[in-house]
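What follows is a set of notes on a single structure, which appears directly below.
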Amino acid sequence: MSGHSKWSKIKGAKGAADQKRGKIFQRLSKEIYMAAKNSGPDPSSNPSLRLIIDKAKAANMPNDNITRAIKKATSAGEGENYEEITYEGYGPNGVAVLVHALTDNRNRTATNIRVAFNKNGGSLGESGSVSYMFDRKGYIAIEREDLEVDEDTMLMSVLEAGGEELQTSDEVFEIYTDPTDFDAVSEALKAEGYVLAEAEVTMVPQTLSAIPADKETQFRTMLEKLDEDDDVSEVFHNADLDDEE
């Protein structure tokens with residue numbers, strides 16, 4: 001994980017998000033629905049729901065959409081029947097790829113994901129084939145612009161809050177936590193007055209894998225096709241890319 005910054009990826013993703021906001025709202029609604037259905041509709045006692053609501057608000061999702069998804073999850077009747085599935089596979093040059101999906105049709109989703117891999121120099125693998133190359137971590141980003149806090153001060157705040165690691169660049173402080181401590185660390189930093197530009201539990205590659213220049217466009221196409229699928233929630237990989245467009 002050392003030396004690996006998520007920030008350039010996040011900035012690129014946020015720029016693209018403006019062009020596909022409706023799709024993002026659809027995905028977030030499904031995630032809110034699942035979190036509320038599985039662990040209750042009250043964000044104060046459901047950290048997973050609280051985290052997704054925070055993510056939805058950061059994406060400027062209307063409160064009515066959030067409320068509607070929660071009500072749908074707690075209303076009488078069966079409603080949607082989503083299941084969470086993780087697909088594992090390889091991109092060009094053996095790059096490890098994890099795909100998290102939330103679907104009401106397993107066959108449809110598996111077919112679409114297999115096509116995205118196969119048509120772009122990749123292949124699906126067995127369960128466990130690449131997941132061991134990633135660590136589940138809490139991730140928090142605090143932008144440094146207009147923040148008069150040096151690295152030593154921030155490190156002290158992170159350690160006192162229970163964080164594990166701080167990475168610093170000119171633009172941002174990036175904080176990694178144990179996933180079980182993520183909620184407590186986030187709340188402690190917010191209580192100190194820090195504004196969290198990004199806060200999520202994510203999968204962090206243990207090491208990065210080089211991808212040849214002549215395979216990069218193909219790999220980016222794979223990522224694009226996966227991201228375009230309505231059933232795909234998140235895609236993680238260990239390719240050493242300078243940015244993500």
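The sequence shown lines up with residues 1 to 245 when you count with the numbering used here.
Ideal Cβ positions, reconstructed from N, Cα and C, are used throughout, including at glycine.
Given the structure is predicted, the values throughout are model-derived calculations rather than measurements.
For threonine 207, does the three-state DSSP call read helix, strand or coil? coil
Could you give the first and the last residue of the continuous alpha helix (DSSP H) run that contains lysine 137? Element bounds for lysine 137: not the alpha helix (DSSP H) but the beta strand (DSSP E), 134-143.
For valine 97, which of Ile140, Ile53, Asn118, Glu192 has the nearest alpha-carbon? Asn118
Considering only the beta carbon of each residue, do isoleucine 52 and glutamate 84 sit closer than 8 Å? no
Using alpha carbons as the reference points, say which of Ala161, Val172, Val201, Gly193 lies closest to valine 185. Ala161
Could you check which residue in Phe173, Ala199, Asn81, Pro205 has the C-alpha nearest to that of aspartate 183? Ala199
So what's serine 45 in DSSP terms, helix, strand or just coil? coil
Assuming isoleucine 142 and tyrosine 194 form a contact by the criterion Cβ under 8 Å, report the distance between their Cβ atoms to the nearest whole angstrom. 5 Å
Per DSSP, what kind of secondary structure is alanine 184 in: helix, strand or coil? helix
Can you tell which of Leu159, Thr111, Ser127, Val201 has the C-alpha that lies nearest to the C-alpha of valine 232? Thr111
Once you ignore the five residues that flank lysine 225 on each side, which residues in its own chain have a CB closer than 6 Å to its CB? Ala116
By alpha-carbon positions, which one of Ala58, Phe236, Asp150 ends up nearest to asparagine 197? Correcting the residue identity first, residue 197 is alanine in this sequence and not asparagine. Per the Cα distances, Ala58.
With DSSP as the reference, please indicate the residues paired to serine 123 in a beta bridge. Tyr90
Starting from tyrosine 33 and walking both ways along the alpha helix (DSSP H), at which residues does that stretch end? 21-39
Take glycine 89 as the anchor and find which of Asn107, Asn105, Glu126 has the nearest alpha-carbon. Glu126
Classification of serine 169 by the beta-carbon crowding that lies within 10 angstroms, buried from 16 upward: exposed
For threonine 74, I'd like the list of residues in its chain whose CB is within less than 7 Å of its CB, leaving aside the five on either flank, ordered along the chain. Ala36, Pro41
Verify whether the separation of the beta carbon atoms of tyrosine 82 and glycine 138 is less than 8 Å. no
With 16 as the cutoff for other CB atoms within 10 Å, does tyrosine 132 come out buried or exposed? It counts as exposed.
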